[in-house]
Amino acid sequence: MANPTHADVTPHNILLIKLRHHGDMLLTTPVINALRQRYPQANIDVLLYKETRPMLEAHPAIRQLHIIDRKWKQEGSWRKFLHERDLIAAVRASRYDIVINLADQWRSALITLLSGAPLRIGFAFNKRDNFFWRLCHTSLVPTTNHQQLHTVEQNMTALTPLGIPAQGARASMHFSASDAQKVDALLAERGVDADFIVVQPTSRWNFKCWEEEKVAATIDRLAQAGRKVVLTAAPDKHEMEMIARIEALCTTPHRVSLAGQLTLPQLAALIARARLFIGVDSAPMHMAAALDTPCVALFGPTKLQFWRPWGDHNQVIWAGDYGPLPDPDAIDTNTRQRYLSAIPIDDVVKAARNFLHD
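Positions 1 to 358 (the UniProt record's numbering) are the ones given, in order, by the sequence shown.
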């Protein structure tokens, strides 16, 4: 159980572990920001998957990122072992006073144990209720109320042993000056002035997407001569094909596509400059919320309690308010079904205009 005496520690080196997707990494930033506020002199490092590095690489509170590349296993058992050995050596050499393991994998628990840190905090997950998980951590935080909490709030409970409260948890997304300059140059090149809307209608999961016809109709109703709509997407074949279908259906000339042309930090720089972000349940939606850009977020059969945008200037439009949805845990993620189809265009346009004060 959490030990309140740990609130007295003054750590020099702290490691945070989270091995998940891009959006999950962004939602660890409230923990990083709270640690920086409590321990302004401490070095804070993060262990994460290589592909999620762009979410945290510009964060000013982070000293270094330890990387796990999921492609190591493709190099063969011996090469993978050498990579893992070098990672453990780097973690041990950093002499961490505190390791905070936000992950639920055995791999993260083993790294936590091998770090040698005197204080090793983890979650008391039901599925990990065994001797080895307890051995890896010196302090386990209960998860009994996690079903009622947002992911940010769940993450923040890991700081309970340090006496750091969850109140005021603030997410953040950072980008470099060169990322901002690249985006400014692209916008100038496309004739986009300061007043624009970002629409990211894509997700790597098709079931999270709204129909192309409805996206196009929404763009047509919001775009105008003095306020262009900028379309964005990942450089993924399926996402780019979806953008092409949407563009073919649009009639307004006041739109620009930067789909597939931006890194995640560059996308953050773009969203930070926008009047409004409209998107589905995805990492860019969490980025918009973290950047405090007004956000209209379209949700289908996702656990809203966990994944709604975290911040003050957001409106969620949930397909479940317009018709029945399947249980999120029962979804076949490869389905082609569009569960957002019940969401009306008028409601999305109205929500957008409320933020735009049209």
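Glycine included, each C-beta is placed from N, C-alpha and C at the ideal position.
Remember, it's a predicted structure, so these values are computed and weren't measured experimentally.
Should residue i and residue j be called a contact, given that it needs their Cβ atoms to be closer than 8 Å?
i, j, result
"ILE121", "ILE98", "yes"
"GLN179", "ALA269", "First, the residue type needs correcting, since residue 179 is Asp and not Gln in the sequence shown. Taking 8 Å as the Cβ cut-off, ASP179 and ALA269 qualify as a contacting pair."
"LEU19", "ALA103", "yes"
"ILE219", "VAL229", "yes"
"LEU159", "ILE111", "no"
"ILE278", "PRO301", "no"
"GLY168", "ASP195", "no"
"PRO30", "ALA171", "yes"
"ASN206", "ARG336", "yes"
"HIS174", "ALA58", "yes"
Assuming residue i contacts residue j (C-beta within less than 8 Å), just tell me the rounded distance between them.
i, j, result
"GLY23", "HIS357", "That pair is no contact at about 29 Å."
"ILE32", "ALA61", "5 Å"
"THR15", "SER94", "The sequence shown places Leu at residue 15, not Thr. That pair is a contact at about 7 Å."
"ALA289", "TRP310", "5 Å"
"THR232", "PRO284", "7 Å"
"HIS6", "LEU119", "6 Å"
"ILE256", "VAL349", "In the sequence as displayed, the identity of residue 256 is Val instead of Ile. The Cβ separation is near 19 Å, so there is no contact."
"VAL215", "ILE246", "5 Å"
"ILE44", "ARG63", "6 Å"
Please go through the same chain and pick out, in chain order, the residues whose beta-carbon is closer than 7 Å to the beta-carbon of residue i, but skip the five residues on each side of it.
i, result
"TRP318", "PHE299, LEU304"
"GLU211", "ARG338, SER341"
"PRO54", "THR263, LEU264, PRO265"
"ILE343", "TRP210, LEU298, ILE317, ALA319, TYR322"
"GLN224", "HIS254"
"TYR96", "ASN13, ILE14, LEU15, SER115, ALA117"
"THR252", "ILE219, ASP220, ALA223"
"ASP347", "ILE317"
Ordered along the chain, which non-local residues of its own chain (more than five positions away) have a Cβ less than 6 Å from that of residue i?
i, result
"LYS182", "GLN266"
"SER203", "CYS209, VAL280, SER282"
"PRO142", "ALA124"
"ILE68", "TYR49"
Residue i bridges to which residues according to DSSP?
i, result
"ASP45", "LEU15, GLN64"
"LEU82", "DSSP, once it has assigned bridges, lists no residue as partnering LEU82."
"ARG227", "GLN224"
"VAL198", "VAL230, PHE277"
"PRO30", "Per DSSP, none; premise fails for PRO30."
Give every residue of the same chain whose Cβ lies closer than 8 Å to the Cβ of residue i, excluding the five residues on either side of it in the sequence, and list them in chain order.
i, result
"ALA351", "VAL296, GLN315, ILE317"
"ALA90", "HIS66"
Checklist entry - Hey, which unbroken runs of the beta strand (DSSP E) at 3 residues or more fall wholly within the stretch 246–319? => result Correct list: 255–257, 276–280, 295–299, 314–318.
Checklist entry - Going along the chain, which unbroken runs of the beta strand (DSSP E) with 3 or more residues stay wholly within the stretch 90–140? => result If we require 3 residues or more, the beta strand (DSSP E) runs fully inside the stretch 90–140 come out as 98–101, 119–124.
Next on the checklist: As an exercise, report each continuous alpha helix (DSSP H) stretch of at least 4 residues that is fully enclosed by the stretch 144–182, in chain order.
Outcome noted: The qualifying runs are 151–156.
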